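Visitor: Reading the sequence shown from the start, the letters are residues 33 to 229 in the numbering used here.
There's a structure below that I have some questions on.
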Amino acid sequence: MPTGFTAGVADGTVTDFKTFALQLARGMGALVTMRDEPWDAPIPDSLEPSKYHMEALSKLRTEYRRVLNLTEQQCEVEVQKLTQEYYDKEAKAREEHDARKERYEDMIEHARNWTGAPEGIREFALKQLRTGRDFDCREPFKYYGKLPDADPEKWREAELGRLDREIMYHSGEYEKEVMRTSQRNAWIKKLKESLND
Numbered sequence: 033m034p035t036g037f038t039a040g041v042a043d044g045t046v047t048d049f050k051t052f053a054l055q056l057a058r059g060m061g062a063l064v065t066m067r068d069e070p071w072d073a074p075i076p077d078s079l080e081p082s083k084y085h086m087e088a089l090s091k092l093r094t095e096y097r098r099v100l101n102l103t104e105q106q107c108e109v110e111v112q113k114l115t116q117e118y119y120d121k122e123a124k125a126r127e128e129h130d131a132r133k134e135r136y137e138d139m140i141e142h143a144r145n146w147t148g149a150p151e152g153i154r155e156f157a158l159k160q161l162r163t164g165r166d167f168d169c170r171e172p173f174k175y176y177g178k179l180p181d182a183d184p185e186k187w188r189e190a191e192l193g194r195l196d197r198e199i200m201y202h203s204g205e206y207e208k209e210v211m212r213t214s215q216r217n218a219w220i221k222k223l224k225e226s227l228n229d
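Given below as structure tokens:
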């Protein structure tokens with residue numbers, strides 16, 4: 033039985049090794065980003081690093097400058113806004129938790145009252161529902177958001193520290209992405225040279 037890579041060889045649509053090898057290359061790490069593209073999409077001579085980390089850095093640096101330049105009064109307003117957002121999100125999470133638990137309990141009740149079911153399925157349904165409920169609806173309810181420091185200057189210091197850590201992370205990840213892209217490009221060059229492309 034042919035694989036996705038050998039189907040063209042099996043049905044006769046791929047008759048030369050170069051075409052087969054270029055299709056096969058899409059299964060390798062260097063070209064993994066092309067795995068979902070059409071088989072006849074050309075393999076580029078070089079790839080560009082992902083822009084994800086650079087875009088994140090741009091946003092983080094802008095936010096860092098914004099927080100750094102806030103007045104004390106603006107920091108107070110920011111803390112009040114973030115505190116209100118925290119309590120709003122906590123209330124919403126509590127509502128979602130309670131609604132989810134109620135849905136589980138309703139379904140458990142239906143499963144308990146299920147009559148005439150084939151052997152084992154009622155018990156299996158109850159076990160699945162109870163396991164899901166116990167995992168998804170833990171008690172006591174806990175919200176994992178972080179309440180901002182009430183002191184505006186401490187909040188600013190903590191926020192600048194968080195932003196600085198994220199900037200360091202994305203800077204390092206972008207450097208790694210550039211290195212990976214360079215290695216992928218060297219692999220593509222070697223592949224094409226080996227096929228006299």
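The beta carbon of each residue, even a glycine, is placed where N, CA and C say it ideally should be.
As the structure is a prediction and not an experimental result, all values here were calculated from the model.
#1: In chain order, what residues of the same chain lie with their CB nearer than 6 angstroms to the CB of Pro81, ignoring the 5 residues before and after it?
#2: Quick one: grab the DSSP three-state call for Cys107.
#3: Shortest alpha-carbon distance to Thr65 belongs to which of Phe52, Pro184 and Leu79?
#4: Helix, strand or coil for Arg188 per DSSP?
#5: Quick check on Pro34: buried or exposed, where buried means 16 or more other Cβ atoms within 10 Å of its Cβ?
#6: Output needed for Lys40: all residues of its chain with C-beta closer than 6 angstroms, excluding positions within five of it in sequence on either side, in chain order.
#7: Do Asp166 and Arg132 have their C-beta atoms within less than 7 angstroms of each other?
#8: Helix, strand or coil for Ser78? Go by DSSP, reduced to three states.
#9: Which of the three DSSP states, helix, strand or coil, is assigned to Met200?
#10: Under 7 angstroms Cβ to Cβ from Gly177, same chain only, skipping five residues before and after it: list those, please.
#11: Quick one: is Tyr84 buried, meaning 16 or more other Cβ sit within 10 Å of its Cβ, or exposed?
Guide: From the atom records:
#1: Glu209, Val210 and Thr213
#2: helix
#3: Leu79
#4: helix
#5: exposed
#6: Reading off the sequence shown, one finds Gly at residue 40, where the question assumed Lys. Hits under 6 angstroms: Val46.
#7: no
#8: coil
#9: helix
#10: Tyr118, Lys121 and Glu122
#11: exposed
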